[in-house]
Amino acid sequence: MLVNPGLTEPPATTTSLYAGLQIIGPGETAQAHRHVANAFRYVIEGSGAFTTVNGERVHMHPGDLLLTPGWHWHDHEHQGDGPMVWLDALDYPMTNAFDANFFELFGERTQRSLGPDDLSSRQFIHGQLAPAWEVPRATASAASPVGNYPWRETERAFAAIADDASGSAAEGVLLEYKNPLTGGPVLPTMSCRISRLRPEFRGTVVRRTSSSIYHVVRGSGSALVGDRELSFADKDVFAVPPWAALQLCNDGDEDAFLFSFTNEPALRALGFYREQFGAAHGPTR
497 MLVNPGLTEP
507 PATTTSLYAG
517 LQIIGPGETA
527 QAHRHVANAF
537 RYVIEGSGAF
547 TTVNGERVHM
557 HPGDLLLTPG
567 WHWHDHEHQG
577 DGPMVWLDAL
587 DYPMTNAFDA
597 NFFELFGERT
607 QRSLGPDDLS
617 SRQFIHGQLA
627 PAWEVPRATA
637 SAASPVGNYP
647 WRETERAFAA
657 IADDASGSAA
667 EGVLLEYKNP
677 LTGGPVLPTM
687 SCRISRLRPE
697 FRGTVVRRTS
707 SSIYHVVRGS
717 GSALVGDREL
727 SFADKDVFAV
737 PPWAALQLCN
747 DGDEDAFLFS
757 FTNEPALRAL
767 GFYREQFGAA
777 HGPTR
C-alpha cells in the first residue's frame, strides 16, 4: 500500500485516491469479489496472468490498463512463470467519504468465463470504429466498456504523433484513455492519462484542485511538487495533492513516459474543479 502517513485510517494515498502495488505469483488466484468503489490496474511487469471482470477474461501485459468499474465482479489468476506486478488504484477514499461503499464476495473462488477472452478490447480498441449496437447504452456517468487498453495501442498512438504535435505546456504530449461510448473519462470518478516528456522538456507550473498519482512507465526526470523536488526513474510512483504546484521536467536525452490518474471527473461533476497555470497568483479557470 502506498499510504500517506497522515491518511492511515483507512489507508489512502491522497485524500480521495488510493494506490498500491499488487503482486500475484504463479499458480495463485485472488478471491472473486465486487465493491462500489471504481478500480483499475496498470500492469508493470510479468506475463501469464488474467483478470475476469463480470465473466470476461482479460489478459495482462506490461503497460496495459485494465478497468474494474464499480460493482463489477472481478478476480485474478496467474498461470505463467514469475511474479506479476501491477499498480492497483481505487477511488474508495472518496466513496467512503460519502458512506457509499459496499463489498461482496462471489459465491466461488473465481468466475467462469462467460464469453470470448478480451472481447471488449477487440470490439472497441479501433479508435473511431466502434460497434454501433452498443451506443444506445451510453450515459454521461457510465464506465467505459473496454476491459483492457493495451500498451501496443498506446505505443502506436505516440508513434503516429511522433514529434509533430506541440502537446500540453504542463505535461508534454498528453493522451487520455477515453470511454468510446461517451467520449469522456474511462470511469465516472477517475480519469487515466499517459504523457510523453520529450528530452529537455520543462513544463509550465500547474495547480489543480484535483489530486493525481503518477507512475513512471519508462524514463527519468524530476517533478517539483509543492516546494519539494522529486527525482523519478523507471517504475516510481509519486502523488500530487490538491492545489499543490506541479512542474514536470525531463533533463535527459531520452523520452520519459508517465501514466497518471486523477479524480478530476468527480470534481468537474460537482463544480469543484479549478486549475491555474504559471504564476501563483494568476487567473484560474
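Going from the sequence shown to the working numbering is simple: count from 1 and add 496.
Note that CB positions come from ideal geometry on N, CA and C, so glycine has one too.
- Same chain, Cβ closer than 7 Å to Thr-606, five either side skipped, listed in chain order: Thr-525, Ala-528, Thr-548, Asp-571 and Glu-573
Query raised in the report: Looking at Gln-575 and Gly-542, is the spacing between their C-beta atoms short of 7 Å?
Result: no
Pick helix, strand or coil for Ala-508, following the three-state DSSP scheme. coil
So, for Glu-672: in the same chain, excluding its five sequence neighbours on each side, which residues have a beta-carbon less than 6 Å away from its beta-carbon?
Arg-689
Own chain, CB closer than 8 Å to Pro-779, minus 5 neighbours either side, in chain order: Unreliable placement is indicated for Pro-779, whose pLDDT of 40 sits below 50; the coordinate value is still reported in the next sentence. Same-chain partners within the cutoff: Gln-772.
*Count the other CB atoms, across all protein chains shown, that sit within 10 Å of the CB of His-861; report buried if there are 16 or more and exposed otherwise.*
The structure shown does not extend to residue 861, since the chain is modelled only from 497 to 781, so the question has no answer here.
Inspect the CB distances between the stretch 711-718 and the stretch 760-770 and report whether three or more fall short of 8 Å.
no
**OP:** With Thr-650 as the anchor, note down where its alpha helix (DSSP H) starts and where it stops.
**Re:** 647-657
Could you tell me the distance, in whole angstroms, from the CA atom of Ser-662 to the CA atom of Glu-750?
-> 17 Å
Checking 7 Å against the spacing of the C-beta atoms, do Phe-757 and Ala-585 come in under that value? yes
inquiry  = On the DSSP bridge list, what partners appear for Ser-727?
reply    = Ser-718
Subject >> Beta-carbon proximity check, Thr-700 vs Gly-748, cutoff 7 Å >> reply: no
Reduced DSSP secondary structure (H/G/I, E/B, other) of Gln-607: coil
**Request:** Return the residue from the list Thr-564, Asp-659, His-711 and Leu-683 that minimises the CA-CA distance to Asn-759.
**Result:** Leu-683
Which term fits Leu-583, buried or exposed, when burial requires 16 or more other beta carbons within 10 angstroms of its beta carbon? buried
Inter-residue Cα distance where the pair is Arg-703 and Asp-587 = 21 Å
- Would Ile-540 be called buried (16 or more neighbouring beta carbons within 10 Å of its own) or exposed? buried
Just how far apart, CA to CA, sit His-711 and Ala-638? 25 Å
field: Cβ-Cβ distance between Thr-504 and Ala-735 below 7 Å
entry: no
Worksheet entry | Where Asn-746 falls: helix, strand or coil (DSSP) | strand
Do you know offhand how far Thr-685's Cα is from Glu-667's? 21 Å
Taking only runs of the beta strand (DSSP E) that begin and end inside the stretch 654-711, which ones reach a length of at least 3 residues, in chain order?
669-672, 687-693 and 702-704
**Request:** Measure the C-alpha to C-alpha separation of Pro-738 and His-557 and round it to an integer number of angstroms.
**Result:** 31 Å
Practice prompt. Answer with buried or exposed for Met-782, where buried requires no fewer than 16 other C-beta atoms within 10 angstroms of its C-beta.
Written response: The first residue shown for the chain is 497 and the last is 781, placing residue 782 beyond what the model contains.
> If you check the beta carbons only, do Tyr-538 and Leu-561 fall under 7 Å apart?
Replying inline: yes
* Would you decide whether Pro-761 is buried or exposed? Buried here means 16 or more other CB atoms lie within 10 Å of its CB. => buried
Self-check item: Same chain, Cβ closer than 6 Å to Pro-646, five either side skipped, listed in chain order
Solution: Asp-560
Exercise. Would you mind listing the alpha helix (DSSP H) stretches within the stretch 520-580 that are 4+ residues and don't spill past its ends, in chain order?
Key: none
Worksheet entry | beta strand (DSSP E) segment containing Ala-765, residue limits | No beta strand (DSSP E) contains Ala-765, which is instead part of the alpha helix (DSSP H) from 760-766.
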